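Residues 668 to 914 in my numbering are what the sequence shown spells out, letter by letter. Heads up, the beta-carbon is just placed ideally off N, CA and C, and yes, glycines get one too. Everything numeric in this text was worked out from a predicted model, so none of it was measured. The next block holds one structure in the form of structure tokens; read it before the comments.
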Amino acid sequence: MVKKISVKKEEAGSAAIDKTIEEMAAAGIHLGHRVSRLHPKMEKYVIGIKNTVHIINLEKTRERLQEALNFIETLVREGKEIMFVGTKPPLRGVVKEIAEACGAPYIVERWVGGVFTNFNVIAKRLEHLKELERKKAEGFFDQLSKKGKARKEKELAALEKKFGGIKNLGKIPEVVFICDLKKDHSCLKEAKRKGVKTVALVHTNVDPEMVDYPIPANDDAISSVRYVLEKIKETIQAVRSSGQERK
Numbered sequence: 668m669v670k671k672i673s674v675k676k677e678e679a680g681s682a683a684i685d686k687t688i689e690e691m692a693a694a695g696i697h698l699g700h701r702v703s704r705l706h707p708k709m710e711k712y713v714i715g716i717k718n719t720v721h722i723i724n725l726e727k728t729r730e731r732l733q734e735a736l737n738f739i740e741t742l743v744r745e746g747k748e749i750m751f752v753g754t755k756p757p758l759r760g761v762v763k764e765i766a767e768a769c770g771a772p773y774i775v776e777r778w779v780g781g782v783f784t785n786f787n788v789i790a791k792r793l794e795h796l797k798e799l800e801r802k803k804a805e806g807f808f809d810q811l812s813k814k815g816k817a818r819k820e821k822e823l824a825a826l827e828k829k830f831g832g833i834k835n836l837g838k839i840p841e842v843v844f845i846c847d848l849k850k851d852h853s854c855l856k857e858a859k860r861k862g863v864k865t866v867a868l869v870h871t872n873v874d875p876e877m878v879d880y881p882i883p884a885n886d887d888a889i890s891s892v893r894y895v896l897e898k899i900k901e902t903i904q905a906v907r908s909s910g911q912e913r914k
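Okay, here's the thing in structure tokens:
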């Protein structure tokens with residue numbers, strides 16, 4: 668049974684709350700959905716209710732986040748690849764920013780069916796994209812008629828929008844980070860079918876057991892998503908800067 672609690676701003680500065688919990692609270696990670704939207708399996712991650720909204724237990728979030736970071740650290744040390752997926756419009760910018768800072772593949776537009784389950788076909792589209800980029804760089808487009816050039820430019824722009832974040836993907840990644848399980852459920856389904864490990868934010872309205880490494884957190888607030896992504900970035904960059912990443 669979830670109890671009602673009172674969450675006061677002044678409590679965030681109390682010496683009893685550790686710095687990490689403070690930072691997570693400031694990022695809005697603890698803010699769940701309305702009580703009517705609670706998934707039964709998320710109840711263990713909820714500490715109470717405030718103004719008809721569930722409050723996520725940040726101690727649990729910290730534990731699950733650390734488990735996910737430890738897993739990612741191990742994978743990076745082994746030279747394995749993580750993909751970032753966040754197609755919800757408000758989150759696209761931060762997902763792209765963090766992924767590029769990590770030198771990792773990402774999808775921020777609509778999920779492309781088959782990235783995991785039909786990679787051989789997707790790989791051909793990626794090669795075509797890179798071939799068009801080469802031709803443009805070499806001036807091939809300029810040799811075409813005005814109409815022909817416009818057609819090629821349009822094709823290139825469409826492919827870049829759809830596949831730009833994964834154009835250097837040579838194989839199916841070992842792990843995928845998903846920002847919003849509701850929005851990107853197709854990605855989750857493909858990952859499970861192909862054995863790709865999953866790390867994801869789990870808001871109070873989703874089943875956390877669908878994911879290998881669930882992180883209880885608000886998946887709507889940009890500040891919440893950024894907090895988790897920054898921690899992942901720090902973990903990846905720390906391994907690489909130490910020279911411990913297997914090539």
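Worksheet item: Looking at the structure shown, is THR902 part of a helix, part of a strand, or coil, going by DSSP?
Response: helix
Fill in: Alpha-carbon to alpha-carbon, GLU901 and VAL775
21 Å
Discussion item. Bridge partners for MET750 per DSSP, in chain order?
Written reply: VAL843
Worksheet item: Out of curiosity, what's the CA-to-CA distance linking LEU836 and ILE723?
Response: 35 Å
Practice prompt. Pull up the distance between the alpha-carbon of MET691 and that of ARG893, whole angstroms please.
Written response: 11 Å
Worksheet entry | Reduced DSSP category for ALA682 - H, G, I as helix; E, B as strand; rest coil | For ALA682, the pLDDT reaches just 42, beneath the cut-off of 50, and the residue's location in the model is therefore unreliable, leaving the point undetermined.
Worksheet item: Under three-state DSSP, which class holds LEU848?
Response: coil
Item to complete: Identify which residue in VAL863, ARG860, ALA858, HIS852 has its Cα closest to the Cα of VAL869.
Response: HIS852
Discussion item. Mapping the DSSP letters down to three states, classify ARG777 as helix, strand or coil.
Written reply: coil
Item to complete: Could you have a look at LYS834 and say whether DSSP puts it in helix, strand or coil?
Response: coil
Worksheet item: Taking one C-beta from the region 713-722 and one from the region 692-700 each time, how about it: are there three or more such pairs within less than 8 Å?
Response: yes
Worksheet item: Is there contact here, the region 741-751 with the region 821-829, by at least three beta-carbon pairs under 8 Å?
Response: no
Worksheet item: What is the rounded straight-line gap between the Cα of GLY760 and the Cα of ILE889?
Response: 10 Å
Worksheet entry | Own chain partners of VAL878 with C-beta closer than 6 Å, once the 5 adjacent residues on each side are dropped | THR865, ALA867
Practice prompt. Take THR871 and list the residues in its own chain whose beta-carbon comes closer than 6 Å to its own, dropping the five residues that flank it on each side.
Written response: GLY699, HIS700, LEU705, MET709, HIS721
Discussion item. Is the beta carbon of PRO883 closer than 9 Å to that of PRO840?
Written reply: no
Item to complete: Would you check if there are 3 or more beta carbon pairs closer than 8 Å linking the region 783-802 to the region 856-863?
Response: yes
Worksheet item: By DSSP, does LEU756 sit in helix, in strand, or in coil?
Response: Per the sequence presented here, residue 756 reads as Pro, with Leu not at that position. Three-state result, PRO756: helix.
Item to complete: Whole angstroms is fine: what's the gap from PHE844's alpha carbon to GLN810's?
Response: 42 Å
Worksheet item: Can ARG777 and PHE830 be called in contact, C-beta distance under 9 Å?
Response: no
Practice prompt. Closer than 6 Å by C-beta to MET750: which residues in its own chain qualify, once you throw out the five before and the five after it? Chain order, please.
Written response: PRO772, PRO840, VAL843
Discussion item. For ASP685 and SER891, what's the separation of their Cα atoms in angstroms?
Written reply: 18 Å
Item to complete: Could you tell me the boundaries of the alpha helix (DSSP H) in which ILE739 lies?
Response: 725-744
Worksheet entry | Whether LYS819 touches LEU796 by CB criterion (9 Å) | no
Discussion item. By the three-class DSSP mapping on this structure, what secondary structure does GLY910 have?
Written reply: coil
Worksheet item: Nearest-angstrom Cα distance between PRO756 and LYS834?
Response: 21 Å
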